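Protein sequences, first through last, are from chains C and A. Residue numbers for the first sequence follow this note's numbering, so the first one is 137 and each next one is one higher. Residue numbers for the second sequence follow this note's numbering, so the first one is 2 and each next one is one higher. Take a look at the structure below.
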Amino acid sequence: MPAQHANTSDEALLAAYRLTGQSDYLGTLLQRYTLLMLGVCLKYLKDKEAARDAVQQVFLKVITHLPAGEIQNFKGWLYVLARNHCLQLLRDKKHYAGDEVLDSLMAPEAGHTLALEKELTLQQLEAALQELAEPQQTCIRAFYLNQKSYQEIMEETGYSFAQVKSYIQNGKRNLRLSLLQKLNIRP
Amino acid sequence: MSQQQPYDLFEPDGSSGLTEAQMLAYLEGRLSEAETRRVEKILSEEGMDSDAAEGLMNLPIAETREMVNQLNQKMQRQLKSRRVRRRADTQLWTWVTVFLILILIALGYYLIKLIS
Numbered sequence: 137m138p139a140q141h142a143n144t145s146d147e148a149l150l151a152a153y154r155l156t157g158q159s160d161y162l163g164t165l166l167q168r169y170t171l172l173m174l175g176v177c178l179k180y181l182k183d184k185e186a187a188r189d190a191v192q193q194v195f196l197k198v199i200t201h202l203p204a205g206e207i208q209n210f211k212g213w214l215y216v217l218a219r220n221h222c223l224q225l226l227r228d229k230k231h232y233a234g235d236e237v238l239d240s241l242m243a244p245e246a247g248h249t250l251a252l253e254k255e256l257t258l259q260q261l262e263a264a265l266q267e268l269a270e271p272q273q274t275c276i277r278a279f280y281l282n283q284k285s286y287q288e289i290m291e292e293t294g295y296s297f298a299q300v301k302s303y304i305q306n307g308k309r310n311l312r313l314s315l316l317q318k319l320n321i322r323p
Numbered sequence: 002m003s004q005q006q007p008y009d010l011f012e013p014d015g016s017s018g019l020t021e022a023q024m025l026a027y028l029e030g031r032l033s034e035a036e037t038r039r040v041e042k043i044l045s046e047e048g049m050d051s052d053a054a055e056g057l058m059n060l061p062i063a064e065t066r067e068m069v070n071q072l073n074q075k076m077q078r079q080l081k082s083r084r085v086r087r088r089a090d091t092q093l094w095t096w097v098t099v100f101l102i103l104i105l106i107a108l109g110y111y112l113i114k115l116i117s
């Protein structure tokens with residue numbers, strides 16, 4: 137990555153590319169996310185050659201069909217583009233995909249954090265925690281209450297990295313929904 | 002692929018979430034306890050970083066670096082070829098426009114001659 141652009145924001149790089157047409161700006165911007173895109177494609181396609189091809193195809197899409205409209209969050213936009221591309225490939229080629237594909241399609245969580253912080257009591261939190269499924273409860277307690285790392289949780293429970301991550305994410309989501317319900321706030 | 006030293010891993014780089022260097026350091030287990038905690042809090046949120054970590058977890062780091070390098074090189078070539086093609090397209094359209102203007106001038110001259 138060219139050193140002169142290292143601290144430039146995504147949005148500034150995109151604006152500079154649109155203004156000047158100089159591909160260096162777009163190259164720097166895309167290069168910032170190559171690793172992450174490869175990881176996303178690997179997660180969904182579960183095959184490194186397919187993932188490599190998918191990243192190349194997404195790059196090509198961006199290079200040739202960058203929308204003229206404003207992109208407020210380039211990373212988020214690129215993530216959706218890469219993920220949708222992979223899901224389309226899975227639909228087209230009937231690749232096997234696990235339940236996490238469906239999980240990842242769930243809508244973003246509603247932002248009721250402030251209300252929760254104000255009204256939440258420890259008893260309600262404990263009650264909500266106990267309602268969680270056992271693996272989610274174990275992972276949430278270990279990560280947040282006991283400050284354990286993913287590696288430590290994996291060693292203690294025998295879960296894989298993906299399982300730990302998924303139990304924490306799903307546990308958090310369920311915990312939030314449960315707390316909102318207890319506080320009579322519609323999610 | 003850029004190689005950064007651990008001490009500047011968490012300096013802002015203009016992008017949000019994890020950078021390439023942070024993700025690689027995490028996957029290689031090169032981070033301190035506090036830095037690992039910071040990364041894993043980001044991974045506990047749904048999104049690109051979290052999905053990417055899950056995907057990269059089972060690929061050997063050396064292979065990951067190699068694939069990223071190849072992808073970057075190919076992307077730079079695509080960008081360059083598009084730039085060359087765009088320049089060639091622009092030149093073609095310039096000549097077509099000049100040619101059409103000359104035809105119009107010639108036609109105009111011929112019509113004026115015909116009328117007078």
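Idealized CB from N, CA, C, for every residue including glycine. Model, not experiment: these values are computed from the prediction.
When secondary structure is reduced to three states using DSSP, ALA152 of chain C falls in the helix class. The straight-line gap separating the alpha-carbon atoms of HIS201 of chain C and ARG154 of chain C is approximately 13 Å. The alpha helix (DSSP H) runs of length 4 or more contained entirely in the segment 37-96 of chain A are, from start to end of the chain, 49-57.
Using a Cβ distance threshold of 8 Å, LEU80 of chain A and LEU162 of chain C count as a contacting pair.
GLU291 of chain C carries a helical assignment under DSSP once its states are collapsed to helix, strand and coil. By the 16-neighbour rule on beta-carbons within 10 angstroms, ILE276 of chain C is buried. Here ASN282 of chain C is exposed. Its C-beta has fewer than 16 other C-beta atoms within 10 Å. With fewer than three CB-CB distances shorter than 8 Å, the segment 311-319 of chain C does not count as touching the segment 283-302 of chain C. Taking 8 Å as the upper bound on Cβ-Cβ separation, chain C lies near residues GLU34, THR37, ARG38, GLU41, LEU44 of the segment 33-44 of chain A. Minimum Cα-Cα distance from PHE297 of chain C among the listed residues A:SER45, A:GLU55, A:GLU34 corresponds to A:GLU55. Around the beta carbon of GLU41 of chain A, 16 or more other beta carbons sit within 10 angstroms, so the residue counts as buried. Secondary structure of ILE116 of chain A (DSSP, three-state): helix. Residue burial annotation: GLN23 of chain A is buried, with at least 16 other C-beta atoms found within 10 angstroms of its C-beta. Cα atoms of VAL69 of chain A and ALA263 of chain C: separation of roughly 46 Å, rounded to the nearest angstrom.
Contact between VAL198 of chain C and LEU223 of chain C is absent: CB atoms are separated by about 17 Å, not below the 8 Å threshold. For ALA298 of chain C, the chain A residues whose Cβ falls inside 8 Å of its Cβ are GLU55, MET58, in order along the chain. Leaving aside the five residues that flank GLY18 of chain A on each side, the residues in its chain whose CB is nearer than 8 Å to its CB run, in chain order, ILE43, GLY48, MET49, ASP50.
The segment 180-188 of chain C makes no contact with the segment 202-209 of chain C, as fewer than three CB pairs between them are under 8 Å. Interface criterion not met: the Cβ of VAL97 of chain A is under 8 Å from no Cβ in chain C.
Residue-level contact check: GLY109 of chain A does not touch chain C, since none of the beta carbons of chain C fall below 8 Å from its beta carbon.
When C-beta distances to chain C are compared with 8 Å, the residues of the segment 61-81 of chain A below that value are GLU64, THR65, MET68, VAL69, GLN71, LEU72, ASN73, LYS75, MET76, GLN77, GLN79, LEU80, LYS81, in chain order.
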